[in-house]
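**Q** Once you know that position 195 of the sequence shown is 209 in the working numbering, the rest is easy, because the numbers rise by one and skip nothing.
Take a look at the following structure, please.
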Amino acid sequence: MAHTDVLDLPLVLLSNRGPVSFGRDSAGRTVNRGAGGLVSALSGLAEHLDDAVWVCGAATEEDAVVAREAAGKALHVQTLPVPHLVDSAFGDASADGGSNKPADGPSIKIRIVETDPFAYADFYSVWSNPILWFIQHGLYGRAYSPDFTQAEHEAFENGYAAVNRAYADAVADEVRARGGKALVLLQDYHFYLVAEHVRQQCPDVVLTHFVHIPWPGPDEWRVLPADIRERLLTGLLGSDVVGFHTRRYARNFVLCASELLGLPIDLDAMTINVGDRVVRARYYPISVDPAALDATLASEDVAAHVSMLRYIFLGDDRQLMLRVDRTDPSKNVVRGFQAFRTLLEQHPELVGKVSFLALLQPSRTDVPEYADYIALIGGVVAEINARFTKDGRQPIDLRMVEDFALAIAAYSICDVLVVNAIADGMNLVAKEVAVVNGRGGVLALSETAGAHEELGEHAVTLHPFDLQQMADAFYSALTMPLEERHRRLAAAAEQVRTHDVARWLSDQLADLRRIAGFA
Ligand code: ADQ
């Protein structure tokens with residue numbers, strides 16, 4: 015078939031977590047669809063196309079069983095009627111990379127890659143998290159950097175590199191099954207070596223690798239052993255486009271190619287010359303799906319949470335500060351509470367009037383740095399609550415939960431949303447609040463979160479290490495005139511609604527269309 019558009023090409027997606035994961039209950043195998051804008055946007059694209067396959071890892075034990083049953087082949091999974099509900103799954107008898115979708119409803123074809131558990135542990139819990147995540151979020155300094163012993167070098171070879179090769183082989187296999195030409199969309203920091211492997215095997219692919227986390231400048235990357243950082247960069251340069259959330263990250267990437275690999279670059283055009291190929295660094299700010307958020311906000315579940323939260327936290331001129339995060343050291347939860355402590359010390363009239371609700375989703379608890387961080391959070395909260403509880407009201411309500419309906423309810427009625435990340439690729443929490451808040455909620459937003467590039471002018475800016483500045487910023491947010499609060503919130507909401515996740519995707523496709531010569 016003659017291709018007249020990039021979307022005529024077959025699509026091969028790759029991410030560590032796939033669009034669905036399998037489980038088991040008394041009735042047998044269950045399928046849970048992943049939440050979030052990224053999964054919805056890419057699932058929407060995959061469902062829309064005739065021939066798409068999503069390569070991903072095994073997130074659950076049942077995923078691994080499914081992967082073994084499929085024996086390296088792809089299978090169809092029905093994805094509707096309602097996201098997050100349990101559907102049925104069945105193997106694709108032909109499993110030939112063709113498009114024989116089941117008749118009864120939309121489906122996604124997935125291919126789960128199962129790797130050796132020891133290799134996966136080195137890939138995920140040694141190299142992806144914490145090493146790459148920590149470097150890219152500026153969590154290592156010169157004095158507190160990882161030691162790269164033989165063990166870390168071996169974990170890179172036998173873990174990160176080996177797992178990347180296995181995923182790349184699966185992607186290349188799917189591309190070859192489609193005639194060797196496909197649109198390939200790779201996601202995130204787990205897979206920096208994949209693009210190069212895929213390009214070697216399938217030189218005709220049109221390939222974007224999207225990096226969801228910050229990309230720091232060359233000096234920060236010098237923490238990594240020279241051979242490893244060169245391999246990671248070279249791996250990514252197998253792409254046609256390397257995508258980031260912000261212009262700053264894209265620029266940093268181009269500078270890395272120049273300073274760490276010595277490649278010719280054009281910083282104005284944001285291009286890198288790799289032999290006879292040109293690699294482009296581009297930025298596409300990820301966003302949320304406003305219609306899905308509006309629908310969740312209108313649900314009975316959320317309404318019940320709103321009544322409960324209002325009863326606990328509001329009324330009598332009381333105000334609610336909120337944070338919603340994974341318990342990740344990059345989110346800077348401890349310093350956020352320390353700044354709140356400074357606020358209460360310096361403005362005692364706020365004690366008993368302002369509550370700080372923190373909905374924290376325990377994250378990566380098998381990584382020691384993350385487990386330690388949860389203990390630190392608990393310690394600072396206990397100290398502040400012991401000191402400032404008044405009339406039976408604790409200033410901080412810390413809930414270790416993952417509950418999206420509760421989060422949406424809290425977003426809708428908070429007075430101040432705190433995002434004080436040390437670094438954050440984008441931060442979708444800020445965008446979710448902008449869409450659903452109905453109370454003139456003020457965004458208190460770290461200058462180092464990607465979202466600050468778009469929303470900073472409507473927010474109160476936080477400096478993630480300056481506790482006094484953060485306390486002052488919290489105070490100015492809490493005392494801001496209501497009219498100004500509503501004006502800023504409306505401007506932030508307008509920005510997010512006109513730059514939603516569908517646009518994140520369509521802007522990438524438009525660039526690929528040009529690059530592949532279809533426009
Ligand atoms: P994350 O680091 O996970 O994502 P973020 O963008 O804020 O950060 O997304 C978190 C999502 O999880 C939001 O949808 C939020 O509502 C939800 N969530 C967090 N805590 C929750 C809780 N306790 N209960 C319920 N829901 C909770 C990475 C990058 C980001 C980038 C995204 C997308 O680190 O910078 O924005 O990918 O590219």
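Every residue, glycine too, gets a C-beta built ideally from N, C-alpha and C.
1. Going by Cα to Cα distance, which pick from 436, 483, 459, 317 is closest to residue 418?
2. Using the Cβ count rule (16 or more neighbours within 10 Å means buried), how would you classify residue 165?
3. In whole angstroms, what separates the C-alpha of residue 95 from that of residue 39?
4. Go ahead and label residue 292 buried or exposed: buried means 16 or more other beta carbons lie within 10 angstroms of its beta carbon, across all protein chains shown.
5. Any chance you could list the residues with Cβ under 7 Å from a heavy atom of the ligand ADQ, keeping chain order?
6. Look at the alpha carbon of residue 337 and the alpha carbon of residue 369, and state the distance between them as a whole number of angstroms.
7. Go through the segment 419-490 residue by residue and report every complete run of the beta strand (DSSP E) that reaches 3 residues or more, in order.
8. Can you give me the start and stop residues for the alpha helix (DSSP H) that residue 249 sits inside?
9. Report the rounded CA-to-CA distance for residue 467 versus residue 87, giving the unit in angstroms.
10. Taking the C-alpha atoms as reference points, what is the distance between residue 55 and residue 62?
11. Closest to residue 30 by CA distance: which of 41, 70, 64, 21 is it?
12. Would you call the segment 337-351 and the segment 371-381 in contact, with 3 or more CB pairs under 8 Å?
13. Taking the alpha carbon of residue 67 as the point to measure from, which residue in 82, 125, 23, 78 has its own alpha carbon closest?
14. Does residue 420 pass the burial test, meaning 16 or more other C-beta atoms within 10 Å, or should it be called exposed?
15. Measure the C-alpha to C-alpha separation of residue 522 and residue 469 and round it to an integer number of angstroms.
16. Measure the C-alpha to C-alpha separation of residue 396 and residue 360 and round it to an integer number of angstroms.
17. Between the Cα of residue 487 and those of 169, 350, 152, spot the shortest distance and give me the residue it belongs to.
18. From residue 89 to residue 181, what distance separates their C-alpha atoms?
19. Looking only at DSSP bridge pairs, what is residue 270 linked to?
20. Please state whether DSSP places residue 229 in a helix, a strand or coil.
21. Check this for me: beta carbons of residue 239 and residue 162, under 8 Å apart or not?
22. Looking at the secondary structure, which residues open and close the alpha helix (DSSP H) in which residue 148 lies?
23. Check this for me: beta carbons of residue 303 and residue 514, under 8 Å apart or not?
24. Near residue 307, which residues of its chain fall below 8 Å by C-beta distance, leaving aside the five closest residues on each side in sequence?
25. With contact counted as at least three CB pairs below 8 Å, one residue from each stretch, are the segment 270-277 and the segment 474-493 in contact?
26. Residue range of the alpha helix (DSSP H) that residue 208 falls in?
27. If you pair each beta-carbon of the segment 421-435 with each one of the segment 398-406, do three or more pairs fall below 8 Å?
28. Excluding the 5 residues preceding and the 5 following residue 357 in the sequence, name in chain order all residues of the same chain whose CB lies nearer than 7 Å to its CB.
29. Report yes if the CB atom of residue 204 is closer than 8 Å to the CB atom of residue 142, and no otherwise.
30. Report the rounded CA-to-CA distance for residue 454 versus residue 328, giving the unit in angstroms.
31. Grab me the residues of residue 158's own chain with a C-beta within less than 6 Å of its C-beta, minus the 5 sequence neighbours each way, in chain order.
32. According to DSSP, residue 66 sits in a beta bridge with which residue or residues?
33. Within this structure, are the beta carbons of residue 210 and residue 251 separated by less than 8 Å?
34. Pick helix, strand or coil for residue 381, following the three-state DSSP scheme.
**A** This is what the structure holds:
1. Working through the sequence shown from its first residue, we reach residue 418 at position 404. Put simply, of 436, 483, 459, 317 the residue whose alpha carbon is nearest the alpha carbon of residue 418 is 317.
2. Along the sequence shown, read from residue 1 onward, the residue named residue 165 stands at position 151. Exposed: under 16 other Cβ atoms inside 10 Å.
3. Start at 1 with the first residue of the sequence shown, and residue 95 comes out as number 81. Start at 1 with the first residue of the sequence shown, and residue 39 comes out as number 25. Model confidence at residue 95 stands at a pLDDT of 38, short of 50, so the residue's coordinates are unreliable; what they give is reported in the following sentence. Counting only the Cα atoms, residue 39 lies some 20 Å from residue 95.
4. On the sequence shown, position 278 is the one that residue 292 refers to. So residue 292 ends up on the exposed side.
5. 50, 52, 226, 227, 259, 300, 338, 339, 340, 342, 373, 374, 375, 415, 416, 417, 418, 420, 421, 438, 439, 440, 441, 442, 443, 446, 464
6. Taking the first residue of the sequence shown as 1, we reach residue 337 at position 323. Taking the first residue of the sequence shown as 1, we reach residue 369 at position 355. Between residue 337 and residue 369, the C-alpha separation is close to 11 Å.
7. 430-433, 456-460, 474-476
8. Counting from one through the sequence shown, the residue named residue 249 turns up at place 235. Residue 249 -> alpha helix (DSSP H) spans 240-250.
9. As a working note, residue 467 is residue 453 in the sequence shown. As a working note, residue 87 is residue 73 in the sequence shown. In a straight line, the C-alpha of residue 467 is about 42 Å away from that of residue 87.
10. Against the sequence shown, residue 55 aligns to sequence position 41. Against the sequence shown, residue 62 aligns to sequence position 48. Taking the straight line from one Cα to the other gives about 11 Å.
11. If you number the sequence shown from 1, residue 30 lands on position 16. Per the Cα distances, 70.
12. yes
13. Within the sequence shown, residue 67 is the residue found at index 53, counting from 1. Taking only the C-alpha atoms, the option nearest residue 67 is 125.
14. Working through the sequence shown from its first residue, we reach residue 420 at position 406. With 16 or more other Cβ atoms within 10 Å, it is buried.
15. For the purposes of this step, residue 522 is taken as the residue at position 508 of the sequence shown. For the purposes of this step, residue 469 is taken as the residue at position 455 of the sequence shown. Rounded to the nearest angstrom, the two C-alpha atoms are 21 Å apart.
16. Start at 1 with the first residue of the sequence shown, and residue 396 comes out as number 382. Start at 1 with the first residue of the sequence shown, and residue 360 comes out as number 346. Distance between the alpha carbons of residue 396 and residue 360 is about 19 Å.
17. Here the question's residue 487 lines up with position 473 in the sequence shown. Measuring from the Cα of residue 487, the nearest candidate turns out to be 350.
18. Numbered from 1 along the sequence shown, position 75 holds the residue referred to as residue 89. Numbered from 1 along the sequence shown, position 167 holds the residue referred to as residue 181. Each residue's alpha carbon lies about 16 Å from the other.
19. Within the sequence shown, residue 270 is the residue found at index 256, counting from 1. For residue 270, which the question treats as bridged, DSSP gives no partner whatsoever.
20. Residue 229 sits at position 215 when you count from the first residue of the sequence shown. Coil at residue 229, not helix or strand.
21. Walking along the sequence shown from the start, residue 239 turns up at place 225. Walking along the sequence shown from the start, residue 162 turns up at place 148. Yes, the pair counts as a contact, with Cβ atoms nearer than the cut-off.
22. Counting from 1 along the sequence shown, the entry for residue 148 is found at position 134. Per DSSP, residue 148 belongs to the alpha helix (DSSP H) from 147-150.
23. Residue mapping note: residue 303 aligns to position 289 of the sequence shown, counting from 1. Residue mapping note: residue 514 aligns to position 500 of the sequence shown, counting from 1. Against a cut-off of 8 Å, the Cβ pair of residue 514 and residue 303 comes out as a contact.
24. Locating residue 307 in the sequence shown gives position 293, where the first residue counts as 1. Closer than 8 Å at the Cβ level, and outside the excluded window around residue 307, lie 422, 446, 449, 450.
25. No contact exists between the segment 270-277 and the segment 474-493.
26. Counting from 1 along the sequence shown, the entry for residue 208 is found at position 194. Residues 208-215.
27. Contact between the segment 421-435 and the segment 398-406 is not established, with fewer than three Cβ pairs separated by less than 8 Å.
28. Numbered from 1 along the sequence shown, position 343 holds the residue referred to as residue 357. Only 364, 485, 488, 489 meet the Cβ criterion.
29. What you label residue 204 is simply residue 190 of the sequence shown in a count that begins at 1. What you label residue 142 is simply residue 128 of the sequence shown in a count that begins at 1. In contact: residue 204 and residue 142 (Cβ atoms closer than 8 Å).
30. Counted from its first residue, the sequence shown places residue 454 at position 440. Counted from its first residue, the sequence shown places residue 328 at position 314. Going from the Cα of residue 454 to the Cα of residue 328 covers about 14 Å.
31. Indexing the sequence shown from 1 puts residue 158 at position 144. Nothing meets the Cβ criterion.
32. Here residue 66 corresponds to residue number 52 of the sequence shown, with the count starting at 1. In the DSSP output, where bridge partners are listed per residue, residue 66 has 25.
33. What you label residue 210 is simply residue 196 of the sequence shown in a count that begins at 1. What you label residue 251 is simply residue 237 of the sequence shown in a count that begins at 1. A contact, by the Cβ cut-off of 8 Å.
34. In the sequence shown, counting from the first residue as 1, residue 381 sits at position 367. In this structure, residue 381 counts as coil in the three-state DSSP scheme.
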